[in-house]
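Just so we're aligned, residue 12 is where the sequence shown starts under my numbering, counting upward by one. Think of the CB as a built atom: it goes at the ideal place given N, C-alpha and C, for glycine as much as any other residue.
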Amino acid sequence: MAKYRDVLIICLIAAAGLAVYANSFGNQFVWDDFTFVAENPAIRKLTNFVSFFTRPETLTTSGISKDTYRPLVAASFSVDYFFWKLNPRYYHIESVLFHIINAVLLYFLMRVIIKDATASALVSLLFLAHPVQTEVVDWIARRGDVIGVFCYLLAAIAHFRIRRGRDKKPLLYSGMIMLFAVAVLFKETTITLPLILISADALFPQPSGTRKRSLRYYLPFFAVIVLYMLTRRAVVGPIAQCAWWGGGPFPTFLTMCKVFVNYIRLLIFPMNLCADYVIPVIMSVANAGFLISFFILCAIAAAAFSLRSYSRLFTFGVCWFFISLIPASNIFPIKILLAERFLYIPSIGFFIAVIGLVLKQKDRLKKTLYAAIGILLVIFGVLTAERNKDWKDEITFFTANLKRSPLSVRMRYDLGRRYAQNKMYPEAISEFESAIKLDRYHYRSYLSLGNIYFDRRNYDEALECYTKAESLDPSNYGTPYNIGQVYYKKGDMAGAIKNFKRAVFLAKNSAHLHYSLAVAYYKNRQIEDAVRELGIALRLNPSHRNASSLLKKLKAPPG
12 MAKYRDVLII CLIAAAGLAV YANSFGNQFV WDDFTFVAEN PAIRKLTNFV
62 SFFTRPETLT TSGISKDTYR PLVAASFSVD YFFWKLNPRY YHIESVLFHI
112 INAVLLYFLM RVIIKDATAS ALVSLLFLAH PVQTEVVDWI ARRGDVIGVF
162 CYLLAAIAHF RIRRGRDKKP LLYSGMIMLF AVAVLFKETT ITLPLILISA
212 DALFPQPSGT RKRSLRYYLP FFAVIVLYML TRRAVVGPIA QCAWWGGGPF
262 PTFLTMCKVF VNYIRLLIFP MNLCADYVIP VIMSVANAGF LISFFILCAI
312 AAAAFSLRSY SRLFTFGVCW FFISLIPASN IFPIKILLAE RFLYIPSIGF
362 FIAVIGLVLK QKDRLKKTLY AAIGILLVIF GVLTAERNKD WKDEITFFTA
412 NLKRSPLSVR MRYDLGRRYA QNKMYPEAIS EFESAIKLDR YHYRSYLSLG
462 NIYFDRRNYD EALECYTKAE SLDPSNYGTP YNIGQVYYKK GDMAGAIKNF
512 KRAVFLAKNS AHLHYSLAVA YYKNRQIEDA VRELGIALRL NPSHRNASSL
562 LKKLKAPPG
């Protein structure tokens with residue numbers, strides 16, 4: 012009978028997942044999906060597998076490749092590309108299927124921890140249908156989250172199965188460690204698993220006849236973490252992605268207290284969801300937002316401690332929530348203060364804590380609460396289906412998110428960039444100018460404005476924007492190259508040469524830059540200099556046809 016019940020619950024979870032996310036299958040690539048998949052040449056060959064581990068730029072063509080080490084994400088996209096090429100429908104279907112499977116695994120994990128099938132199913136369904144999960148599920152670039160959690164939950168299930176047994180079960184134990192290692196290579200936030208397992212062993216009594224977990228049991232987990240950190244350091248660089256928020260660890264701590272409370276708010280009231288929250292940095296202990304948040308966090312911690320005998324499940328859920336938020340807590344500064352995707356694992360702890368309290372109520376009240384959760388699941392499902400629509404395409408996505416976060420410079424810039432790509436220049440100019448009003452140091456908006464003016468042959472306006480962009484970021488080789496192009500179009504070869512040379516200095520190994528400099532020398536009748544630069548361009552890229560053609564022309568005998 013129990014097996015039939017489990018099968019029915021699995022079917023319910025699968026049906027609910029498909030009902031909630033079916034309208035996402037027709038969505039296009041959005042935002043980082045382009046740099047991770049659509050515009051990433053590295054994933055187009057399965058033979059690049061080794062390079063995914065040794066060359067971080069194979070993960071994405073954007074700057075995030077300098078901040079993260081997720082080799083198996085690039086590998087998974089390479090497999091996807093082999094089968095689906097660049098059809099976004101199949102990428103979306105795969106993400107939804109993994110999310111549904113994760114919900115099923117969570118059900119079985121809860122069944123191992125507690126015997127109540129109804130409570131276990133509710134934890135699973137809350138995780139499945141909650142609107143905050145849409146960022147991970149609808150955003151193809153977040154593939155590492157859904158597959159990483161798949162391995163994470165399998166490893167957790169293996170731990171609890173070992174915990175119930177009378178021996179270590181070496182094969183199952185080895186599989187658990189391997190799953191953990193794979194999870195970390197998909198998503199670094201999964202490194203919290205051993206701490207969560209330790210908290211479970213501390214809170215729940217060991218089954219009779221089993222040995223307590225020793226330090227030696229957990230050592231392989233921490234060995235995996237150390238090995239990952241060392242490899243990441245060698246391949247990518249420092250763990251911290253940026254400087255401390257507010258200039259130091261103290262403002263970062265004050266701000267993260269408020270962020271943590273915002274995460275709880277998002278789980279309780281998932282309204283006005285946004286892909287780019289603007290969070291002011293808190294600089295003073297006297298800030299009301301910090302004081303209220305700190306009080307709430309202390310109250311939750313006190314409740315978890317005082318209720319540990321009343322409801323171990325509630326305390327375990329609270330531990331899961333806060334432990335799994337550690338990677339997003341800016342202990343090592345990262346470039347984002349708050350993001351819904353950071354809740355994919357912590358939300359499990361939140362739902363466990365809620366159900367832990369419900370289970371302790373009397374039967375009549377418990378049934379009423381179950382009914383209320385059922386109604387809540389329907390509401391969550393509707394909100395999730397509506398949020399899926401925001402991910403339809405880039406213009407829809409950026410427009411929807413700007414309504415909820417109008418101060419987001421990133422959203423305004425990216426919307427302007429998409430308008431520009433679609434030749435919607437007035438709209439693009441408006442968004443770039445709005446981004447500059449919000450952040451007058453946003454050099455990318457100046458650069459993009461310059462590109463629009465250049466395309467429209469307004470060279471004086473383009474030069475003004477490029478010059479401003481260069482003053483804000485002198486290390487970007489693309490800006491002097493663009494300035495050189497303006498001078499070239501205006502017939503000022505001396506100005507073009509001067510700026511192309513600066514671009515070459517900043518990016519010495521670019522065949523295209525050396526070729527552009529050679530063309531400017533040729534137009535300025537500096538033939539020897541042109542021949543020299545063409546030779547360098549061809550050494551860097553022997554298949555550069557334009558450089559080869561021009562070099563043959565310059566070396567051809569007169570007449």
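Buried or exposed for residue i, please, with buried defined as at least 16 other CB atoms from any protein chain shown within 10 angstroms of its CB.
i: serine 225; result: exposed
i: lysine 198; result: buried
i: arginine 423; result: buried
i: methionine 504; result: buried
i: isoleucine 279; result: exposed
i: aspartate 466; result: exposed
i: valine 357; result: As written in the sequence, residue 357 is proline, which differs from the valine given in the question. Buried is the call here.
i: alanine 313; result: exposed
i: glutamine 144; result: buried
i: aspartate 44; result: buried
i: phenylalanine 316; result: exposed
i: leucine 9; result: No information on residue 9 is available, as it lies outside the stretch 12 to 570 that the chain covers here.
i: glycine 258; result: exposed
i: arginine 550; result: exposed
i: methionine 282; result: exposed
i: glutamate 351; result: buried
i: glutamine 432; result: exposed
i: proline 99; result: buried
i: asparagine 520; result: exposed
Please list the terminal residues of the continuous alpha helix (DSSP H) segment that includes residue i.
i: cysteine 285; result: No alpha helix (DSSP H) contains cysteine 285, which DSSP labels as neither H nor E.
i: phenylalanine 93; result: 82-95
i: arginine 11; result: Absent from the model: residue 11. The displayed extent of the chain is 12 to 570, so no value can be given.
i: valine 115; result: 99-124
i: valine 270; result: 260-279
i: methionine 240; result: 226-246
i: tyrosine 523; result: Strictly speaking, residue 523 in this sequence is histidine, with tyrosine absent from that position. Residues 522-534.
i: threonine 200; result: No alpha helix (DSSP H) holds threonine 200; DSSP gives it neither H nor E.
i: proline 4; result: The structure shown has nothing for residue 4, since the chain only spans 12 to 570.
i: serine 416; result: Here serine 416 belongs to no alpha helix (DSSP H), and DSSP marks it neither H nor E.
i: asparagine 399; result: 374-400
i: glutamate 481; result: 470-483
i: glutamine 537; result: No alpha helix (DSSP H) holds glutamine 537; DSSP gives it neither H nor E.
i: isoleucine 303; result: 299-317
i: arginine 556; result: 556-566
i: tryptophan 331; result: 323-335
i: leucine 70; result: Looking at the DSSP string, leucine 70 is not in any alpha helix (DSSP H), and its letter there is neither H nor E.
i: alanine 167; result: 154-175
i: threonine 79; result: From DSSP, threonine 79 is part of no alpha helix (DSSP H); its letter is neither H nor E.
Relative to the C-alpha of residue i, which candidate in the options has its C-alpha closest?
i: phenylalanine 233; options: Val246, Arg243, Arg319, Leu204; result: Leu204
i: aspartate 450; options: Glu472, Pro437, Arg421; result: Arg421
i: alanine 411; options: Phe94, Ile21, Phe138, Tyr288; result: Tyr288
i: phenylalanine 40; options: Ala33, Ala49, Asn34; result: Ala49
i: phenylalanine 301; options: Ala313, Phe316, Asn273; result: Asn273
i: leucine 565; options: Phe353, Phe409, Pro553, Tyr532; result: Tyr532
i: isoleucine 347; options: Ile447, Gln252, Tyr454; result: Gln252
i: arginine 468; options: Lys269, Ile125, Tyr498; result: Tyr498
i: phenylalanine 161; options: Phe109, Lys509, Gly257; result: Phe109
i: phenylalanine 333; options: Glu68, Asn298, Ile359; result: Ile359
i: valine 193; options: Lys126, Thr79, Leu83, Lys500; result: Leu83
i: lysine 512; options: Lys501, Tyr452, Leu524; result: Leu524
i: isoleucine 538; options: Leu562, Leu336, Phe516, Arg455; result: Leu562
i: valine 329; options: Leu318, Ala364, Phe343, Phe306; result: Ala364
i: threonine 240; options: Asp78, Phe409, Glu472; result: Before going further, note that residue 240 is methionine rather than threonine in the sequence given. It is Asp78 whose Cα lies nearest to the Cα of methionine 240.
i: isoleucine 311; options: Ala299, Cys268, Asn283, Ser340; result: Cys268
i: lysine 403; options: Phe36, Phe353, Ala507; result: Phe36
i: valine 61; options: Ala85, Ser559, His453; result: Ala85
i: arginine 276; options: Thr263, Phe516, Ser304; result: Ser304
i: alanine 522; options: Glu544, Ala507, Arg536; result: Glu544
i: glutamate 105; options: Thr65, Ala128, Gly28, Met121; result: Gly28
i: isoleucine 390; options: Ile24, Val246, Val31; result: Val31
i: isoleucine 21; options: His103, Ala53, Arg122, Ala446; result: Arg122
i: leucine 23; options: Thr69, Ile124, Ala128, Phe64; result: Ala128
TODO: Take every Cβ of the segment 383-402, pair it with every Cβ of the segment 288-307, and state whether three or more of those distances are shorter than 8 Å.
DONE: no
Task: Cβ pair count under 8 Å reaching 3, the segment 57-74 against the segment 89-99 - done: yes
- [ ] Tell me, please, whether the segment 163-174 touches the segment 130-141 by the rule of three or more beta-carbon pairs shorter than 8 Å.
- [x] no
Open item on the list: Counting beta carbon pairs with one atom in the segment 109-128 and one in the segment 61-75, are three or more of them shorter than 8 Å?
Closed with: no
Open item on the list: With three or more beta-carbon pairs closer than 8 Å as the criterion, would you say the segment 139-158 touches the segment 366-383?
Closed with: Counting C-beta pairs with one atom in each stretch, the segment 139-158 and the segment 366-383 have fewer than three that are closer than 8 Å, which means they do not touch.
Open item on the list: When you compare the segment 423-440 with the segment 388-398, are there three or more beta-carbon pairs, one atom per stretch, that lie closer than 8 Å?
Closed with: no
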